[in-house]
Amino acid sequence: MVVPIAFTDRDRAVCLSLKGGNGLRLISKHLRDLSLLACVWAQSVLVAPVFAAGPSGGIVSAGSASITQSGSQTTVKQSSDKAVVSWSNFSIGSGSTVRFVQPSASSIALNRVTGSQASVLQGLLQANGQVWVLNPNGVLIAPSGQVAAGSFLATTRSLTDQQFMAGNYAFIDGGVVGASAVNQGSIVLAEGGYAVLAGEAVRNEGYIGANLGQVILGGAKAFTLDISGDNTFAFVVTAPVDVTPTDGKAIVDNSSSVQAAGGRVLMTARAASRVMGQVINTDGVVAATSAKMVNGKIAIGGGRPNTQTQSFTPAASTTIASGACLDASAVTRGVCRRPSRKDGRQGLPQGPYP
555 MVVPIAFTDR DRAVCLSLKG GNGLRLISKH LRDLSLLACV WAQSVLVAPV
605 FAAGPSGGIV SAGSASITQS GSQTTVKQSS DKAVVSWSNF SIGSGSTVRF
655 VQPSASSIAL NRVTGSQASV LQGLLQANGQ VWVLNPNGVL IAPSGQVAAG
705 SFLATTRSLT DQQFMAGNYA FIDGGVVGAS AVNQGSIVLA EGGYAVLAGE
755 AVRNEGYIGA NLGQVILGGA KAFTLDISGD NTFAFVVTAP VDVTPTDGKA
805 IVDNSSSVQA AGGRVLMTAR AASRVMGQVI NTDGVVAATS AKMVNGKIAI
855 GGGRPNTQTQ SFTPAASTTI ASGACLDASA VTRGVCRRPS RKDGRQGLPQ
905 GPYP
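Quick note on the numbering used here: the sequence shown kicks off at 555 and runs consecutively.
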């Protein structure tokens, strides 16, 4: 039987004493051993990460929207085409849901985190339109986390309300050193939608699916985004990453699955010359296969400014799915052919070619 223990400030003092600190000493060795066990158990519970069931402190700072919360569900009902909500915390606990009800698929809800905690999505984020999450402390879609939206963007970079409302999507530095945008869960978009993970460290360790859409894993200190709505979508790095990732990985690292049937996958990054290590690495599956007579394209580009060398390191297990088009020309543009299969082993394409 497990007996709950109420752990007070006085108990903490006892634990410190039992570990050899100054203060109270327990006379009975048996009682001391039992107390030490209780201290270890209780402190392990105390230091375990606890995430809120849903976001908190939401204030609409631009556009028009309402926020309602009931139990484990948070609903943001957006009545303007664009809206900005500033949150003190934007996390979703396991079993909880955050739902965005938007006027149309082209509507965008920008969620800015003003607090000091990273956004951890362990539950479901659902939207019929586009949802952006901007958190300078980092964004993590946990293994249990799910994003089901028209389109989705997560970044550690900054964008002002005025720029956003005017359609000037010029993201600038503003993140905490070492903060990253990481997907370990599932991001599934509506047909033709886009997924963007961008910042100084980007990781895909889960699944991203965007049929006839676009997936961008972008390593940048600053970047611009163009989603003009006329079937064009541009992501441009405007300032290179100048900090080496703290986890020892490449700036952009894909170790799982990115699928964009009939669409486009872009893995791009620029790094300052002082940044050590790889710029882009993928040892997962990247697929942009043809679908509905639409040609898929995969572009992988990385480089350091003022040099002629670009860093792209495919691992032995990298597979580019059949029917896809791979462009690994980095800063300079090259010829994109359509191999029946592309294997990252030795970085060599394996035909036949058309």
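Even for Gly, the Cβ is constructed at its ideal location relative to N, Cα and C. Being a predicted model, the structure only gives us computed values, none of them experimental.
DSSP state of residue i mapped onto helix, strand, coil
i	result
residue 717	helix
residue 636	strand
residue 807	strand
residue 631	strand
residue 676	coil
residue 650	coil
residue 722	coil
residue 699	coil
residue 757	strand
residue 742	strand
residue 750	strand
residue 829	coil
residue 813	strand
residue 729	coil
residue 642	coil
residue 737	strand
residue 610	strand
residue 670	coil
residue 877	With a pLDDT of 44 at residue 877, under the threshold of 50, the modelled position of that residue is not reliable, and the figure given next carries that caveat. In this structure, residue 877 counts as coil in the three-state DSSP scheme.
CB-CB length for residue i against residue j, believed under 8 Å
i	j	result
residue 692	residue 710	6 Å
residue 826	residue 806	Not really, about 15 Å apart at Cβ, beyond 8 Å.
residue 646	residue 680	Residue 646 to residue 680, Cβ: 10 Å. No contact.
residue 694	residue 674	5 Å
residue 731	residue 797	6 Å
residue 739	residue 705	About 17 Å separates the two Cβ atoms, so there is no contact after all.
residue 821	residue 779	About 16 Å; that fails the 8 Å criterion.
residue 773	residue 840	Their Cβ separation, rounded to whole angstroms, is 16 Å, which puts residue 773 and residue 840 out of contact at 8 Å.
residue 804	residue 777	The Cβ separation is near 17 Å, so there is no contact.
residue 767	residue 817	5 Å
Below-8 Å beta-carbon distance, residue i vs any chain D residue
i	result
residue 769	You won't find chain D in this structure, because it holds only one protein chain.
Run of the beta strand (DSSP E) containing residue i, from where it starts to where it stops
i	result
residue 822	818-824
residue 781	Where residue 781 is concerned, there is no enclosing beta strand (DSSP E), given that its DSSP letter is neither H nor E.
residue 662	662-667
residue 836	834-836
residue 790	788-793
residue 685	684-688
residue 840	839-841
residue 709	705-709
residue 774	It is not in any beta strand (DSSP E) - residue 774 carries neither H nor E in the DSSP assignment.
According to DSSP, residues forming a beta bridge with residue i
i	result
residue 766	None, per the DSSP bridge assignment.
residue 623	628
residue 800	None; residue 800 has no bridge partner.
residue 656	In DSSP, residue 656 forms no bridge with anything.
residue 617	637
Proximal residues to residue i (C-beta, below 6 Å), its chain only, five neighbours per side dropped
i	result
residue 765	745 and 815
residue 631	620 and 655
residue 742	702 and 763
residue 669	642 and 643
residue 861	The pLDDT assigned to residue 861 is 29, lower than 50, so where the model puts this residue is not dependable; a value taken from the coordinates is nonetheless given after this. Correct list: empty, nothing qualifies.
residue 663	632, 637, 654 and 685
residue 781	787
residue 736	694 and 757
residue 910	Examination of residue 910 is not possible in this model, given that the chain is present from 555 through 908 alone.
residue 830	798
residue 639	612, 614 and 665
residue 810	758, 759, 760 and 838
residue 713	725
residue 769	749, 762, 812, 814 and 819
residue 660	none
Contacts around residue i, its chain only, beta-carbon distance under 7 Å, and the 5 residues preceding and following it disregarded
i	result
residue 649	626 and 677
residue 775	727, 754, 793, 794, 795 and 796
residue 629	622, 653 and 655
residue 696	674, 675, 676, 738 and 739
residue 607	626, 647 and 650
residue 690	710, 712, 728, 729, 730 and 733
residue 715	615, 616 and 638
residue 790	777 and 778
Cutoff 8 Å; reference residue i; Cβ partners in own chain excluding five residues on either side
i	result
residue 802	831
residue 610	641, 642 and 643
residue 717	723 and 724
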